[in-house]
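Trainee:
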Amino acid sequence: MRFEVMGSLRALVGNRSLPLGPPRQRAVLVALLLGGPRPVPADRIIAMVWGDDAPAHALNLVQKYVSGLRRCLPASLPLTHSEAGYVLGMPGGFACDLLEFEELFAASRALSESGRPADAAETLARATALVRGPLAEGTESRGIELERVRFQERRLSAQEELYALEVSLGQGERHLPELVRLINEHPLRERLHALLMRTLADSGRQVEALNAYALIRDRLVEEYGVEPGAELRDAHQFVLNAALPTEQPPEEPPTPHQLPNAVRDFTGRTAEIARITDRLRSGRMPVVCVEGTAGIGKTALAVHCAHQVADDFPDGQLFIDLRGFDRLGAADPSEILGSFLRAMGVAAQHVPTDALERGTLFRSVLATRRMLIVLDNAADAHHVRHLLPGAPGCAVLVTSRRALVSLAVHEDAQRIVLPVLSPDESAELLRSALGGPRPTGKKPDPAVAEISRLCGHLPLALRVVAAGSAVTPHFDLRSVARELAAAGPLAGASVADDERASVAASLDLSYQRLDDRGRRALRLIGLLPGPDLTHAAAATLTGTDEAAVRPALNALTAANLLVQHAPGRFRFPHDLLREYAWNRAGDEEPATSRQDALNRLMGWYTQVATVLDGRVGRIHVVGQESRATEHAPISAEDAEAELRNLTAAVEHTAEHGPYAAAWTLAGMLRETCKRRSRVPEWLAVARAGLRAAQRGANPRAETELSLSLVDASLTAGLLDAAEQHVQRALQLSELHDWPDLLAASREQLGRARWTTGALDEARRHLTESIRLYSAGPDHLRTALAYGALARVELDSGAPDAAHRLYFRCLRLSRSQSNRGVEAMTLVELGLVHEALGHPHTAALSLEAGLALSRDNRGLQRPEALSQSYLGALKAKAGDHEAARSLCLAGIKVAEELGDLWAQAECRNAAGRAMSALGCPHGAAEHHREALRIARGLHFHRAEQHALAGLRTTVFEPCLLG
2 MRFEVMGSLR
12 ALVGNRSLPL
22 GPPRQRAVLV
32 ALLLGGPRPV
42 PADRIIAMVW
52 GDDAPAHALN
62 LVQKYVSGLR
72 RCLPASLPLT
82 HSEAGYVLGM
92 PGGFACDLLE
102 FEELFAASRA
112 LSESGRPADA
122 AETLARATAL
132 VRGPLAEGTE
142 SRGIELERVR
152 FQERRLSAQE
162 ELYALEVSLG
172 QGERHLPELV
182 RLINEHPLRE
192 RLHALLMRTL
202 ADSGRQVEAL
212 NAYALIRDRL
222 VEEYGVEPGA
232 ELRDAHQFVL
242 NAALPTEQPP
252 EEPPTPHQLP
262 NAVRDFTGRT
272 AEIARITDRL
282 RSGRMPVVCV
292 EGTAGIGKTA
302 LAVHCAHQVA
312 DDFPDGQLFI
322 DLRGFDRLGA
332 ADPSEILGSF
342 LRAMGVAAQH
352 VPTDALERGT
362 LFRSVLATRR
372 MLIVLDNAAD
382 AHHVRHLLPG
392 APGCAVLVTS
402 RRALVSLAVH
412 EDAQRIVLPV
422 LSPDESAELL
432 RSALGGPRPT
442 GKKPDPAVAE
452 ISRLCGHLPL
462 ALRVVAAGSA
472 VTPHFDLRSV
482 ARELAAAGPL
492 AGASVADDER
502 ASVAASLDLS
512 YQRLDDRGRR
522 ALRLIGLLPG
532 PDLTHAAAAT
542 LTGTDEAAVR
552 PALNALTAAN
562 LLVQHAPGRF
572 RFPHDLLREY
582 AWNRAGDEEP
592 ATSRQDALNR
602 LMGWYTQVAT
612 VLDGRVGRIH
622 VVGQESRATE
632 HAPISAEDAE
642 AELRNLTAAV
652 EHTAEHGPYA
662 AAWTLAGMLR
672 ETCKRRSRVP
682 EWLAVARAGL
692 RAAQRGANPR
702 AETELSLSLV
712 DASLTAGLLD
722 AAEQHVQRAL
732 QLSELHDWPD
742 LLAASREQLG
752 RARWTTGALD
762 EARRHLTESI
772 RLYSAGPDHL
782 RTALAYGALA
792 RVELDSGAPD
802 AAHRLYFRCL
812 RLSRSQSNRG
822 VEAMTLVELG
832 LVHEALGHPH
842 TAALSLEAGL
852 ALSRDNRGLQ
862 RPEALSQSYL
872 GALKAKAGDH
882 EAARSLCLAG
892 IKVAEELGDL
902 WAQAECRNAA
912 GRAMSALGCP
922 HGAAEHHREA
932 LRIARGLHFH
942 RAEQHALAGL
952 RTTVFEPCLL
962 G
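According to my numbering, the stretch in the sequence shown is residues 2 to 962, in order.
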């Protein structure tokens, strides 16, 4: 007879598994096995199975379940009772994997202490191999949950000792992947980090070992205010002794050189070059603004000048395309600051999330450096103001289509407005770009002069014509001029009037020089709604595979019709080219061909969105998902890079179709935006999806997107909009008799009423929602409705009812493996246990929620709340340091996420903590901030908690600092 509890509970006779009865009966057996071979008292079994909520007749239930176990187990394994408790079997009468684990663990330690590390490692490896999963997995009770946590710690200790033995034997490298996995799951276990460092150092990877130490030390110091422990410091010294000389010079900060390649055949602009370079070298943090219309050559001139003065800035050069006139939106200055800081050597974990803090750090880092910063294609003066350094040794070069008068007034910027090229400069540029000989006499070539005139003397147009002509064997300039003239007269050299026609005529010639495959690729890429595309997206648009589309992309790049701005990512170098390609598609591609291409692209975007949304489990699915073209699997990192393209795709297809793609993608992005607190994007995408559903006359999708807008509007504090959307959803779901959507509508209506404090109405709607959900298969939505109703009961002063509801929510979320709902439920159960007067159980629940949040990516809200609620509990217990640290950590996570709801709750928790610790001024500050946020969101619970905290605050001097 053999019992296994390290994983799901099993009782085995040979290879046959015995049935063990209902869940409570199985829990009783686990309690007996965990207590064995000693007698287990009945009260111990009751505590293990029911915890603090044992029923009055619990002893009778134990006797009932023991009788049931006697019927399940063979007669050769008696289950006896004495005054000391229940005993399962006779000594040695059965085997148990947990007992074997402990015996092997103890034997390994004995072997290690006797100087036999190889035998110790082999024995311990056998012990760890017995573990199949969490202790008694699937058997739920409060006492067992606590034992499960203890066993997890024991299992980790065994793994750490095993890896330590393997490292001492010189065999640690084979465990590197498992070490990295364990560190990701348990990022604060210092011994794991120490073993990783020693293993990396033994493998000759000392730099990585030192970097691993820096990462864990920074986290410990910044988040918890403590230095690494002795074992971690010893490992650090071990790496230093093995890898570094005794006198290691300080590490120099990196010197970024981000300037793009200068144009090889740059010509003209002599006067402008002199003015720009002289000003950049003048000191006193000069700012130079190069202005002019599209295609006038601003970027080429700026890069040319930057290369000329690069040696005057020995600490490096930064460059960024601000995309100020991209119809899909300009680059975010905050993201640019983050990129610049990382390029200058600031570790990613040290880059602040707040835009103002990033700007402050950016100026601080530049304070002692001489650097050149080139900000290309700015939308306006405001777009660049946060990117300006404050150090006199730095210089800034900005390009923009607009007049940056504000920078001249406030930053003493020098403005240089570029005219079109002179005829001589145009001829020189065209000759140079074509690679032909420079004219020796003063008389211009008539064909060159005519091409320059037709191109409006715009550098972009001249270069595009040259690129298209140069790839044609035996091209003749007179033929080029005739073809250009035949394509249509250009509307003058003055950019402001008809710039696009000028460039379009220039582009026509390059377009005609492409082969059929290249022309078709350009046309279809012109349909792209987002800012860029990959090989996979291009293959999808063209209906080919990646290998087939690569030659076309290479040809388009060579002709300057596309640029590869990042590895494997392509975009149009100029928005006029994008518009040109769009127009060509409209003129030459049949409507069915254009629609088929967009359908394929939306299918691929659906595949990408599935990867992006698949980390914590899908909850909301709108309509039927588009079928994606088969491609290689998409990594999570690649999916993240497509987020802007996905949002642009929703907006585009909502206006132009296919409408089903718009509402499908909008539904898939709901949880993605919600987890990241991207509320403005969520609202925009959901509104676009709703428009698409209405235009496509799909009432079900309209209902589902209305529900998404209810959720988003409530999150944003837009109660009137939420009410409008929820009433529409109710009307449609009742009209069409959709029980699942009627349940969701009632749920959202209940949430809306809870938000404003109308608890009786909230209870009525949520109870009806649960009734409707329970008739269908959607257990996850049922769980969420239980959680919402539990919140109502807790706020109504009924923690017992809330506890029952949360426990149902927890069970359902675990059955669906949704860690986000599970973590949030554990956190809110902590509040219930506190209200019931069980602070110890409350702390256990909160700690479990915190651990689950940290072990799963994207669960910042429960991470923030669990820390803040724990801080308030610690404060009641008088633990000042733990309370302060936890509350501040919770607020920090909520603010980094941008989650205002969590911020209000965390602030109130911090206020309660400060009040309990005798710091009324600090308490009042937190409650005032919570009140401000709550009123902006119409969040009744947080508002009432803040007001209650302020009413009870007694203003006395705070001596806690």
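No residue lacks a Cβ here, since even glycine has one placed at the ideal position from N, Cα and C.
Since we're looking at a predicted model, the values are computed, not measured.
Buried or exposed for E672, please, with buried defined as at least 16 other CB atoms from any protein chain shown within 10 angstroms of its CB.
Mentor: Taking the sequence shown and counting its residues from 1, one reaches residue 672 at position 671. When all chains shown are included, E672 counts as buried.
Trainee: Identify every run of the alpha helix (DSSP H) within the segment 173-203, keeping only runs that are complete inside it and at least 4 residues long; order them along the chain.
Mentor: 177-186, 191-203
Trainee: Where A925 and L34 are concerned, what is the direct C-alpha to C-alpha distance, given to the nearest angstrom?
Mentor: Counting from one through the sequence shown, the residue named residue 925 turns up at place 924. Counting from one through the sequence shown, the residue named residue 34 turns up at place 33. Spanning the alpha carbons of A925 and L34 requires a straight line of approximately 51 Å.
Trainee: Between which two residues does the beta strand (DSSP E) carrying S1 extend?
Mentor: Because the chain is modelled from 2 through 962, residue 1 falls outside the range shown and cannot be assessed.
Trainee: Could you check whether H737 and P700 sit closer than 8 Å to each other, using their CB atoms as the reference points?
Mentor: As a working mapping, residue 700 is identified with position 699 in the sequence shown. As a working mapping, residue 737 is identified with position 736 in the sequence shown. Yes, the pair counts as a contact, with Cβ atoms nearer than the cut-off.
Trainee: Which value, in whole angstroms, describes the spacing of the CA atoms of I934 and G718?
Mentor: Along the sequence shown, read from residue 1 onward, the residue named residue 934 stands at position 933. Along the sequence shown, read from residue 1 onward, the residue named residue 718 stands at position 717. About 10 Å.
Trainee: Alpha carbon to alpha carbon, what distance is there between H536 and L670?
Mentor: Here residue 670 is taken as the residue at index 669 of the sequence shown, counted from 1. Here residue 536 is taken as the residue at index 535 of the sequence shown, counted from 1. Between L670 and H536, the C-alpha separation is close to 23 Å.
Trainee: May I ask which residues mark the beginning and end of the beta strand (DSSP E) holding A379?
Mentor: The residue you call residue 379 lines up with position 378 of the sequence shown. Unbroken beta strand (DSSP E) run through A379: 373-379.
Trainee: Roughly how many angstroms separate the alpha carbons of D203 and L166, rounded to a whole number?
Mentor: Within the sequence shown, the letter at position 202 stands for residue 203. Within the sequence shown, the letter at position 165 stands for residue 166. Rounded to whole angstroms, D203 to L166 spans 14 Å at the Cα level.
Trainee: Output the boundary residues of the beta strand (DSSP E) element that contains P223.
Mentor: Here residue 223 refers to the residue found at position 222 when the sequence shown is read from its first residue. One detail in the question is off: residue 223 reads as Glu in this sequence, not Pro. Counting along the chain, E223 falls outside any beta strand (DSSP E), and DSSP gives it neither H nor E.
Trainee: On the three-state DSSP scale, how would you describe I635?
Mentor: Within the sequence shown, residue 635 is the residue found at index 634, counting from 1. I635 falls in the coil class under three-state DSSP.
Trainee: Tell me whether I321 sits in a helix, a strand or coil according to DSSP, three-state version.
Mentor: As a working note, residue 321 is residue 320 in the sequence shown. Reduced to three states, the DSSP call for I321 is strand.
Trainee: Count the other CB atoms within 10 Å of the CB of H841; is the residue buried (16 or more) or exposed (fewer)?
Mentor: Counting from 1 along the sequence shown, the entry for residue 841 is found at position 840. Result: exposed.
Trainee: Considering only the beta carbon of each residue, do M372 and Q318 sit closer than 8 Å?
Mentor: Here the question's residue 372 lines up with position 371 in the sequence shown. Here the question's residue 318 lines up with position 317 in the sequence shown. Yes. Within cutoff.
Trainee: Using a Cβ-Cβ cutoff of less than 6 Å, which residues in the same chain neighbour P530 once the five nearest sequence positions on both sides are dropped?
Mentor: Counting from one through the sequence shown, the residue named residue 530 turns up at place 529. Within the same chain, P530 has close Cβ partners A649, A650, H653.
Trainee: In three-state DSSP terms, what is A567?
Mentor: Counting from one through the sequence shown, the residue named residue 567 turns up at place 566. DSSP places A567 in strand when its eight states are reduced to three.
Trainee: Measure the Cβ-Cβ separation of V310 and L281 and say whether it is below 8 Å.
Mentor: What you label residue 310 is simply residue 309 of the sequence shown in a count that begins at 1. What you label residue 281 is simply residue 280 of the sequence shown in a count that begins at 1. It is a contact, given that the beta carbons lie within the stated cut-off.
Trainee: Using the Cα positions of P254 and Q207, report the straight-line distance between them to the nearest angstrom.
Mentor: Along the sequence shown, read from residue 1 onward, the residue named residue 254 stands at position 253. Along the sequence shown, read from residue 1 onward, the residue named residue 207 stands at position 206. Between P254 and Q207, the C-alpha separation is close to 19 Å.
Trainee: Taking its Cβ as the centre, do 16 or more other Cβ atoms sit within 10 Å of G15, making it buried, or is it exposed?
Mentor: Position 14 of the sequence shown holds residue 15. The residue in question, G15, is exposed, as its Cβ has fewer than 16 Cβ neighbours within 10 Å.
Trainee: Give the straight-line distance between the Cα atoms of L710 and R454, rounded to the nearest whole angstrom.
Mentor: Taking the sequence shown and counting its residues from 1, the one referred to as residue 710 is at position 709. Taking the sequence shown and counting its residues from 1, the one referred to as residue 454 is at position 453. C-alpha separation (whole angstroms): 54 Å.
Trainee: Report the rounded CA-to-CA distance for V833 versus T400, giving the unit in angstroms.
Mentor: Translated into the one-based positions of the sequence shown, residue 833 becomes position 832. Translated into the one-based positions of the sequence shown, residue 400 becomes position 399. Answer to the nearest angstrom: the Cα atoms are 58 Å apart.
Trainee: Rank E944, D381, E232, T361 by C-alpha distance to the C-alpha of V291 and give the top, closest one.
Mentor: Here residue 291 refers to the residue found at position 290 when the sequence shown is read from its first residue. Checking every option, the nearest Cα to that of V291 belongs to D381.
Trainee: Please classify V50: does DSSP put it in a helix, a strand, or coil?
Mentor: For this step, residue 50 is matched to residue 49 along the sequence shown. Of the three classes helix, strand and coil, the one that applies to V50 here is helix, per DSSP.
Trainee: For D63, collect the residues of the same chain with a Cβ closer than 7 Å to its Cβ; drop the 5 residues on either side in sequence, then sort them by chain order.
Mentor: The count along the sequence shown starts at 1 and reaches residue 63 at position 62. Checking the sequence shown, residue 63 turns out to be Val, not Asp. Contacts found: V29, A43, I46, I47.
Trainee: With distances taken from CA atoms, which of T783, G912, G937, D316 is nearest H946?
Mentor: In the sequence shown, counting from the first residue as 1, residue 946 sits at position 945. The residue with the shortest Cα to Cα distance from H946 is G912.
Trainee: With three or more beta-carbon pairs closer than 8 Å as the criterion, would you say the segment 541-561 touches the segment 654-664?
Mentor: no
Trainee: Could you give the first and the last residue of the continuous alpha helix (DSSP H) run that contains C888?
Mentor: The residue given as residue 888 occupies position 887 in the sequence shown. For C888, the enclosing alpha helix (DSSP H) begins and ends at 881-898.
Trainee: Let's see if you can read the secondary structure: which residues bound the alpha helix (DSSP H) around F4?
Mentor: The count along the sequence shown starts at 1 and reaches residue 4 at position 3. Premise fails: F4 lies in the beta strand (DSSP E), 3-5, not in any alpha helix (DSSP H).
Trainee: From L898, M915, A895, pick the residue whose C-alpha is nearest to that of H881; which is it?
Mentor: Position 880 of the sequence shown holds residue 881. The option with the nearest alpha carbon to H881 is M915.
Trainee: Is the Cβ-Cβ distance between L760 and Y787 less than 8 Å?
Mentor: As a working note, residue 760 is residue 759 in the sequence shown. As a working note, residue 787 is residue 786 in the sequence shown. Not closer than 8 Å, so no.
Trainee: Could you spell out where the alpha helix (DSSP H) holding V14 opens and where it closes?
Mentor: In the sequence shown, the residue the question calls residue 14 occupies position 13. Element bounds for V14: not the alpha helix (DSSP H) but the beta strand (DSSP E), 11-14.
Trainee: On the CB-based measure, 16 or more other CB atoms within 10 Å of its CB, does Q160 come out buried or exposed?
Mentor: Counted from its first residue, the sequence shown places residue 160 at position 159. Answer is buried; the Cβ neighbour count reaches 16.
Trainee: Please report the Cβ distance between A713 and W683, rounded to the nearest whole angstrom; I am assuming they are in contact, meaning their Cβ atoms lie under 8 Å.
Mentor: Walking along the sequence shown from the start, residue 713 turns up at place 712. Walking along the sequence shown from the start, residue 683 turns up at place 682. About 5 Å; that satisfies the 8 Å criterion.
Trainee: What's the gap between the Cα of E273 and the Cα of D279?
Mentor: On the sequence shown, residue 273 is found 272 positions in, with the first residue counted as 1. On the sequence shown, residue 279 is found 278 positions in, with the first residue counted as 1. Approximately 10 Å between the Cα atoms of the pair.
Trainee: In the DSSP assignment, the beta strand (DSSP E) including V88 goes from what residue to what residue?
Mentor: Walking along the sequence shown from the start, residue 88 turns up at place 87. Its beta strand (DSSP E) spans residues 86-89.
Trainee: Assign P440 to one of three DSSP states: helix, strand, or coil.
Mentor: Along the sequence shown, one-based indexing puts residue 440 at 439. With a pLDDT of 48 at P440, under the threshold of 50, the modelled position of that residue is not reliable, and the figure given next carries that caveat. Residue state, collapsed to three classes: coil.
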